[in-house]
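Contents: one structure, followed by commentary.
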Amino acid sequence: MNKIWVFAEQVECSLDRVVLELLTKAKELAREMAGETEIAAVLLGCNVESLVESLGKYGADKVYLAESEELKLYNPSIYAPIITELVKEEDPDIFLFGATAIGSELCPTIAAQLKTGVAAHCIDMNINKDGKLVATVPSFGGKIVGEILCPDTRPQMASVKPGIFIQGEEEEREPLVEKVEVNINTENLPLKAISLNKKEIKGVPLDKAEIVFCGGFGLGNKENWEKLERLAGLFGGAVACTRPVVDEGWAPGEHLMIGTSGKSVRPKVYIGFGISGATHHVCGIKDSGLIISVNNDEKAAIFEISDIGIVEDLNKVLDQLLLKFS
Ligand SMILES: Cc1cc2nc3c(=O)[nH]c(=O)nc-3n(C[C@H](O)[C@H](O)[C@H](O)COP(=O)(O)OP(=O)(O)OC[C@H]3O[C@@H](n4cnc5c(N)ncnc54)[C@H](O)[C@@H]3O)c2cc1C
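Residues in the sequence shown are numbered consecutively from 13, following our numbering.
So this is what it looks like as structure tokens:
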């Protein structure tokens, strides 16, 4: 029997949305595989058994459940060895993780312990005619989209950003629960998780906004970023940015970045200012409703995926919009 596993990432007994998206994708992959396929979720935590029901509804036939006070806060030094041992015992074919802060650390850590490969930040996945996982990943700075295979070692591991795949409909399914014994000596661990402190995000959350104002390197300075924030405020929208805008320090942090290393969004309207249209960014906006782009280069690649393209100096457009709607 084929086995596809999904890491059921949770914090304070709340599943990350990517888990349900990955379970939905796992069902799709299972249909592409020859023979019977079991989908399992791997759930670690403390008092998290209540999450089993949701995991079943979105596709898990089985849930490997490891519960202990030591697993209350995520700690790679505790989580990784438990999962690595479980993989060695059960030998799954495919193991999927969310490319979240936790998944982006845990997935390669486990892969290194198992001496297998990871396709990180995939934007699609399918099964080829030999039954192997083909992971699609933007490569060479996003100039090409590569297909990554892990032909010789198991499991074939991959990570995917939240929002890349769509969460499917619920189905009635009661998964089998297999309890995993937790025997970890926490005495001499290199890392200790002490507490969880949540950062408060101001304004409309990017993944919930109906209108997103996204700034690119063409903004040229922090003043234009602040204008973009004012504009977003006027429309009840959210601000977002590309990689260089974070690197320049114009935007307050990576949590506003869209793309393969950032967030994937599906707003009703996305308006981009001074964005060239690199694959690494575009894959995070491709499912948006209306895409409007402002760029002073008429040949910019962003226009190829835009519904409305404005060839103009963004300074002019920003000022006029603020004047009209303030
Ligand atoms: C592994 C990897 C992961 C990455 N992940 C991400 C990611 O998640 N998200 C992301 O965004 N990037 C990511 N990148 C970077 C990505 O490849 C691009 O470099 C980046 O998206 C380009 O950002 P940009 O379009 O803002 O800047 P540029 O490519 O520099 O484009 C700026 C645009 O602004 C226009 N412009 C300039 N002045 C004006 C003006 N006055 N008025 C109007 N238009 C103007 C220019 O014509 C140009 O098209 C990643 C790269 C790698 C290698």
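Glycine is no exception: its CB is placed at the ideal position from the N, C-alpha and C atoms. Since this is a predicted model, take the numbers as computed values, not measurements.
query	result
Can you give the Cα-Cα distance for L63 and V194, rounded to whole angstroms?	19 Å
DSSP three-state call for C134: helix, strand or coil?	strand
Any heavy atom of ligand 1 inside 7 Å of the beta-carbon of E257?	For the record, residue 257 in the displayed sequence is Val; it is not Glu. Under cutoff, so the answer is yes.
Is it the case that the Cβ atoms of E108 and L34 are separated by a distance below 8 Å?	Residue identity differs from the one stated: residue 108 is Leu in this sequence, not Glu. Yes, the Cβ-Cβ distance between L108 and L34 is below 8 Å.
Relative to the C-alpha of Q22, which candidate in G154, C134 and L55 has its C-alpha closest?	L55
In the DSSP assignment, the beta strand (DSSP E) including I160 goes from what residue to what residue?	I156 to I160
Compute the distance between the beta-carbons of I283 and C226, then report whether it is under 8 Å.	yes
Measuring straight from C-alpha to C-alpha, what distance separates G172 and K100?	The residue asked about is misnamed: residue 172 is Val in this sequence, not Gly. One C-alpha to the other measures close to 23 Å.
Please indicate yes or no: does the CB of F229 lie closer than 7 Å to some heavy atom of ligand 1?	yes
Counting C-beta neighbours from all protein chains within 10 Å, is the total for K234 16 or more, i.e. buried, or is it exposed?	exposed
Does the beta carbon of H293 fall short of 7 Å from some heavy atom of ligand 1?	yes
Measure the CB-CB distance between I304 and H267 and report whether it falls below 8 Å.	no
Mapping DSSP to helix, strand and coil, what is Y70?	coil
At what residue ranges does the segment 47-98 contain a whole run of the beta strand (DSSP E), taking only runs of 3 or more?	49-57 and 74-79
Assuming G230 contacts G153 under a Cβ cut-off of 8 Å, what Cβ separation, rounded to an integer in Å, is found between them?	G230 to G153, Cβ: 18 Å. No contact.
Tell me whether N200, by its Cβ, gets closer than 7 Å to a heavy atom of ligand 1.	no
Spatial neighbours of L27 within its chain, please: C-beta separation below 8 Å, excluding the five flanking residues on both sides.	A20, E21, L63, S66 and L67
Pull up the distance between the alpha-carbon of F315 and that of I322, whole angstroms please.	9 Å
For V18, is the beta carbon positioned less than 7 Å from some heavy atom of ligand 1?	no
Using three-state DSSP, classify N236 as helix, strand or coil.	helix
CB I178 to CB T36, shorter than 8 Å?	yes
Taking the alpha-carbon of N307 as reference, which of H292, L330 and S300 has the nearest alpha-carbon?	L330
Any heavy atom of ligand 1 within a distance shorter than 7 Å of the CB on D142?	no
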